[in-house]
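Here the sequence shown stands for residues 8 to 142, numbered as in our numbering. Ideal Cβ placement from N, Cα and C applies to all residues, glycine included. Given the structure is predicted, the values throughout are model-derived calculations rather than measurements. The structure under discussion appears below in the form of structure tokens.
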Amino acid sequence: MIYFNNQKACVIYLKQKNTAYIAVDGFVDSISVRKLMIKILELSLKTNVKYLLVDTLKLEIIRDDDIKWILQEIYPGFKLAPLKRIAYVKPENVFGVNSVKKLIPQNTLKEFKEFLSIEEAEKWIFKSANSKALV
Numbered sequence: 008m009i010y011f012n013n014q015k016a017c018v019i020y021l022k023q024k025n026t027a028y029i030a031v032d033g034f035v036d037s038i039s040v041r042k043l044m045i046k047i048l049e050l051s052l053k054t055n056v057k058y059l060l061v062d063t064l065k066l067e068i069i070r071d072d073d074i075k076w077i078l079q080e081i082y083p084g085f086k087l088a089p090l091k092r093i094a095y096v097k098p099e100n101v102f103g104v105n106s107v108k109k110l111i112p113q114n115t116l117k118e119f120k121e122f123l124s125i126e127e128a129e130k131w132i133f134k135s136a137n138s139k140a141l142v
């Protein structure tokens, strides 16, 4: 199910995998960043998403003001969400890499892992999702 979509970002909910797939392309303006993050948090809380698969390969940069807003306004809500694992694809752009690094929380019970391709990230997330479903 497509949960959010605009020219720069998309959120797809994979119900059977209990996973949200997020793709970001290029420079995402502040309004779009905020809409995207609110939708991801809303989806995580509403559907009990356990896994996030984030494709930031084509991300160019996130403004520092937007990063600060995400850390202050959105991340506290993620503490209430049942998220367990977040896989993300390393951006090609050095500014994108720096933006993503600033968004990775230092003290969290959630497992973050960086990948060079979406295929590697999917394997890790879906292996985790499938193994949890069998328990």
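Assigned secondary structure, residue 127 (DSSP; H/G/I helix, E/B strand, else coil): Within the sequence shown, residue 127 is the residue found at index 120, counting from 1. The three-state secondary structure of residue 127, taken from DSSP, is helix.
Distance check for residue 99 and residue 76, CA to CA, integer angstroms please. What you label residue 76 is simply residue 69 of the sequence shown in a count that begins at 1. What you label residue 99 is simply residue 92 of the sequence shown in a count that begins at 1. So the alpha carbons of these two residues sit roughly 24 angstroms apart.
Can you give the beta carbon distance from residue 122 to residue 86, rounded, assuming they're within the 8 angstroms contact cut? If you number the sequence shown from 1, residue 122 lands on position 115. If you number the sequence shown from 1, residue 86 lands on position 79. With a Cβ gap of about 24 angstroms, residue 122 and residue 86 do not count as contacting.
Do you know offhand how far residue 67's Cα is from residue 44's? Along the sequence shown, one-based indexing puts residue 67 at 60. Along the sequence shown, one-based indexing puts residue 44 at 37. Their backbone Cα atoms lie some 17 angstroms apart in a straight line.
Between residue 106 and residue 74, which are expected to be in contact by the criterion C-beta below 8 angstroms, what is the C-beta distance as a whole number of angstroms? Walking along the sequence shown from the start, residue 106 turns up at place 99. Walking along the sequence shown from the start, residue 74 turns up at place 67. Here residue 106 really is in contact with residue 74; their C-beta atoms are around 7 angstroms apart, less than 8 angstroms.
Assuming residue 117 contacts residue 134 (C-beta within less than 8 angstroms), just tell me the rounded distance between them. Within the sequence shown, residue 117 is the residue found at index 110, counting from 1. Within the sequence shown, residue 134 is the residue found at index 127, counting from 1. The beta-carbon separation of residue 117 and residue 134, rounded to 17 angstroms, does not stay under the 8 angstroms limit for a contact.
Residue 111: which of 65, 94, 12, 125 sits nearest, CA to CA? By one-based count along the sequence shown, residue 111 stands at place 104. If you compare the alpha carbons of 65, 94, 12, 125 with that of residue 111, the shortest gap goes to 94.
Do you know how far the Cα of residue 52 is from the Cα of residue 40? Along the sequence shown, read from residue 1 onward, the residue named residue 40 stands at position 33. Along the sequence shown, read from residue 1 onward, the residue named residue 52 stands at position 45. A straight-line Cα-Cα distance of about 18 angstroms links residue 40 and residue 52.
Provide the residue(s) that pair with residue 25 in DSSP beta bridges, ordered along the chain. Position 18 of the sequence shown, counted from the first residue, corresponds to residue 25. None; residue 25 has no bridge partner.
What does a CB cutoff of less than 6 angstroms around residue 140 pick up in its chain, not counting 5 residues either side in sequence? As a first step, residue 140 is located in the sequence shown; it is residue number 133 there, counting from the start. At residue 140, the pLDDT of 49 sits below 50, so the modelled position is not reliable; the number obtained from the coordinates is stated separately. Sequence-distant Cβ neighbours of residue 140 in its own chain, meaning closer than 6 angstroms and more than five residues away, do not exist here.
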